[in-house]
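Residue numbers (this note's numbering), protein chains in the order written: chain A, 4 to 421; chain B, -6 to 291; chain C, 26 to 302.
Glycine included, C-beta positions come from ideal geometry on N, C-alpha and C.
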Amino acid sequence: MREMFATVAAAALSLSMSVTAKAQTVEIEYWQYFFKERVTAIDALIKTFEAANPGIKVKHTHFPYAQYQTKVAAAVPAGEGPDVVQLYYGWLEEYRKANLLAPLPKDQFDPAMVEKEFFPIVKAMKAEGSYWGLPTAVRSMALFYNKALMKEAGLDPSKPPATLDELIAQAGKIVKRDAAGNTLTAGYTMGPVGQDHHWWREILVRQFGGQAYSDDGKKVMYDQKGGAAGLQFYADIATKHKLTSYGFMDETQAAFKAGRAGFHIDGSFRIGTFQGVPNLDWAVAELPSHNGVKSNFASYWVNGVSSKSTGPKRDAAMKFMKHLTSDAAMQLWLKTTGELPAKPSVGLSAENKNDPVYGPFILGLAYSHTTEFVNEAKQRQIFLDMMDRVSLQKMPVADAIKIAAKEEQQLLDDHFKK
Amino acid sequence: MRAWYRSRTVGQKQAVWAWIFLALPLFFFCAIRLFPTSYTAYVSLTDWNLLRPKNYIGFANYLRLWNDPVFWQVFWNTFKYLAIGMPISLVLSFMVAYYLDQVRFLQGTIRALYFIPFLTTAAAMAWVWRWFYQPVPIGIFNLMLVDMGFSQQPFLRSTTQALGSILAPAIWAGLGFQVVIFLAGLRAIPETYYEAARIDGVGRWTILKEITLPLLRPTILFLVVVSSIGFLRIFDKVYNMTVDGKGGPLNTTRPLVLNIYQLAFTDYRMGYAAAQTMVLFVVLLAVTAIQLRALRSK
Amino acid sequence: MRLGFDPRRDPRKILIWTLVALGGIVMIMPFLFMISTSLKGRGEVYDLRLIPLAPTLENYAYLFRESRFLRWFLNSFAIASISTVSVLFFDSLAGYVLCKYKFKGRQVVFVAILSTLMIPTEMLVIPWYVMSKNLGWLNTYWGIMFPGMITGFGVFLMKQFFETVPDALIDAARIDGLSEFRIFWEVALPLVTPALSALAIFTFLGSWTAFLWPLIVTNSASNYTVPVGLASFSGEFSTEWNMIMTGAAVATIPTLVVFILLQKYIIRGVILSGVKG
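Structural data, given as structure tokens:
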């Protein structure tokens, strides 16, 4: 009996000791969406972080991309979910307003320092004097071109189009159609599934002399200058120049991937998709300029700290944030995922700038803009509807622009009213 | 207790047993379905945006819905799915089941062929269909049309053809389910009826009209109700076959449930989504009630 | 031999057979296309021919090597099996009661149960999520399957099929002194085997393909079901269609097995109801 008591006591003692040992270990949870390279990158970063901070464990959970937003929206307001969460920059405002995020403390993330170190596009993450989220990496756009198709058309693959006019001329040599006029090989890709709405919004509109939104992001301005001309240029690719048909091969990237398109504008995230494809001879150039204007679109995912995370968890979460936004993390992220570092000091190294694949994207970052979306999916849909009116209903561009501007202004008004 | 039970009439005893047997299912349905439904009804009277606390706003969501052209467009789309999809799928599946029932050689295999589409993941199948509808040089349908000397059709990229183009795979995928139910119904008709008819020398048509169809009434009622609910709740075919899952082009294929889903999870407008859900609920109840009444067994 | 035609003599039969079989082949074309895509490499996916140029099993190897597909498969299988057993029992019991018992409130109960089919799952997931959080069901098997343990669909199906069971049979059993439960279990239930098998197939399949709720309620890759796991191949900007097709092809196997195993009972039921009815 006594022995038994001793055993129980010993067991209880060791149990309570292990509990105190556990109490010193803080476990925080990190959420992102599933993308193989991102998962690998975060796992690697967690390893180095845990090695440097023995008292902290990070649990890494990821969800399918298409439903990530749904998942976060169901869990976070219910008080479930992560301490550190990855959000699309366009969602941050909603989460911040709903008190679901904690501001990054100024002593650790000094706003002045952030503004000095990061690309200016992250400014969108600042509110009430603090930053609410910071990215590890950013993305920009560039022109992908198929070298084999260029050669076939008698073009010099070392001289990709530098201006929109050159783009039209070169693509015109590449396009192939059958007797009935159906596209077989596209000169340039265009379709509803792709990045074209960004190209129009932040690049074409500016190149044709306007800007899509007012500087404070509250007014639609593409119905004034540049919008219609930009959209006309875009629509003409299919209708006037017949370089493709809108929606050729469903997804623009699929056409390029299958070797059925000469030129294709897309984001840096697409590099990995094309890299693994056998028999696809491709290269990248900076986006074509027009009227001497160069522009680019940058977007990013930010890491933020959930407001439900408190005490030691909050401290651990902030430490992890610091780690995720460190120079080393950015370089690792670039190597693993192909996404560009969020700080010029890391991104604009000579090595990165001269890289034949990343170089054009990194150079583009220097003159890039970010759209301050209030509801990215919806705003993208407004663009797609506008193009459908032009391409399916043969509505004049000017009228389609008017309808789109009205819808989008309504959306912005609804958002800023709150 | 026992004495009390013994003194009950036959009808009362039956009622006692009925409630005993139904107790657990009823509790389950109340907790898992009806309670959340009433919660949805409550949410429809608020401005809840999922992230922030809700405020009561009366019937503002319903008023908004009444004046929302997208809602009405989506509402009619939903009816189109029902009005075209339900009769076509029922007639087709009855014909297949009726003839399949008479086939002996390889019946199991053929039945499996019809059922396989129902077994496969919707997302994968929707993608295959999406590619079938592409223009030349890759879309099978258009390649066939061009080979036969017709001009290409835009299918999914058309405001007039897209709804039908989505309905086709929806009917295709559900056909196996309806065929199996019809087969089970046909099999449940006792052989003796047919034997009697045969002895009387009655023709095939008469047997079909006088015996098979009347005796299939419960099966038909079931399929009419269930497939109506299915078409009125159509979602994943449209979600998987249209650009970004938005029910385009220009909302011409967007059904009510997809609209509700988008409102709730990409716009976070839970209150408004709940109001549309309640409308859908009432419509479904009404449609079902009419069908139950019209097809009631005599 | 149901309608008394001899297939060897009746040319009409041959025509019917040919048409029905041809229809069946048309039905599975998209399915064959899916299998074919699963055998294509990355570069060939968008080349839409039915026979792959260079067929490869690499996608299948990748699926099992790089993802936790086997785990998802077992999760799905366990969940679908348990749900199916539960649904078969409770739905047929409730359907039987609603069909064969006369009592006050029957119509109301029936309509209430039917009305559960009319609220889209999309709107139920949020209340279910809150409920699961309060009850500690998040990220558990039970959490994934509880909404599907009893279904309005099945109650309705069984009720309709119990109508083919003659009341006289049940009354006779009552006179013989069988308990109410045994009448249901031993007399009525065996007569609706075709409907039960059909319900088993549909329930298994419904659980196997359920997507939105399992996605919302699970929090770790080890608890995913097959559809949730496969969704990971749909990326932010593009989808690995060859992997989706591969996963979908493998995912079809158990449902096909269940279908093949159970479909013969749809026939066997005939003999029973033929004899007793």
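Check	Outcome
Burial state of residue 204(C), where buried means 16 or more other Cβ atoms lie within 10 Å	exposed
Test: residue 66(C) CB closer than 8 Å to a CB of chain B	no
Three-state class that DSSP yields for residue 35(C) in the structure shown	coil
Proximal chain C residues relative to residue 74(A), where beta-carbon distance stays under 7 Å	240 and 241
Under 7 Å by beta carbon: chain A residues contacting residue 86(C)	Within chain A, no residue comes near residue 86(C); the closest Cβ sits about 16 Å away, beyond 7 Å.
Chain B residues whose Cβ lies nearer than 8 Å to that of residue 311(A)	Those within 8 Å of residue 311(A) in chain B number zero; the least Cβ separation is about 13 Å.
Where residue 309(A) sits in the DSSP three-state scheme	strand
Where the region 50 to 73 of chain A meets chain C: residues whose CB sits under 8 Å from a CB there	64, 65, 66, 67, 68, 69, 70 and 73
Short CB-CB distance (under 8 Å) between residue 141(B) and chain C	no
Reference residue 74(B); option with closest CA among 260(B), 16(B), 159(B) and 103(B)	159(B)
Partner residues on chain B for residue 265(C), Cβ-Cβ distance less than 8 Å	Simply none; closest approach about 11 Å.
Rounded straight-line distance, which links the Cα of residue 211(B) to that of residue 91(B)	16 Å
Beta-carbon separation (whole angstroms), residue 134(C) vs residue 19(B), contact threshold 8 Å	7 Å
Whole-angstrom distance between residue 256(C) and residue 100(B), CA atom to CA atom	35 Å
Length of the line joining the Cα atoms of residue 11(B) and residue 177(C)	17 Å
Integer Cβ distance of residue 152(C) from residue 29(B), believed to fall under 8 Å	4 Å
Check whether residue 309(A) and residue 103(A) have beta carbons under 8 Å apart	yes
Neighbouring residues, chain A, relative to residue 127(B) (Cβ below 9 Å)	250, 251, 252 and 253
Residue 95(A) versus residue 248(C) - alpha carbon distance	29 Å
Extent of the continuous alpha helix (DSSP H) run through residue 89(A)	Counting along the chain, residue 89(A) falls outside any alpha helix (DSSP H), though it belongs to the beta strand (DSSP E) covering 87 to 91.
Assigned secondary structure, residue 100(C) (DSSP; H/G/I helix, E/B strand, else coil)	helix
Three or more C-beta pairs below 8 Å linking the region 206 to 220 of chain C and the region 33 to 53 of chain B	no
Residue interval of the beta strand (DSSP E) (run including residue 144(A))	144 to 149
Short CB-CB distance (under 8 Å) between residue 89(C) and chain A	no
Chain A contact for residue 83(C) (CB, 8 Å cutoff)	no
Partner residues on chain C for residue 273(A), Cβ-Cβ distance less than 9 Å	262 and 263
Chain A contact for residue 131(B) (CB, 8 Å cutoff)	yes
Same chain only: Cβ atoms within 7 Å of residue 30(A), ignoring 5 sequence neighbours per side	60 and 62
For residue 147(C) and residue 163(B), believed in contact at Cβ under 8 Å, the rounded distance	Not confirmed; about 17 Å, so no contact.
Residue 212(A) versus residue 324(A): straight-line alpha-carbon distance, rounded	40 Å
Interface residues of chain B facing residue 280(A) [CB-CB closer than 8 Å]	In chain order: nothing, as chain B lies at least about 17 Å away.
Neighbour flag for residue 63(B) against chain C, beta carbons, 8 Å	no
Buried versus exposed, by CB contacts within 10 Å (16 or more), residue 366(A)	buried
Close beta carbons around residue 68(B), own chain, < 7 Å, minus the five adjacent residues each side	249
Pairwise C-alpha distance: residue 218(C) and residue 297(C)	At residue 297(C), the pLDDT of 38 sits below 50, so the modelled position is not reliable; the number obtained from the coordinates is stated separately. When rounded, the distance between both Cα atoms is 9 Å.
Through-space distance from residue 158(C) to residue 24(A), alpha-carbon basis	Note on residue 24(A): pLDDT 46, under 50, position unreliable in the model; the coordinate value appears next. Distance between the alpha carbons of residue 24(A) and residue 158(C): 28 Å.
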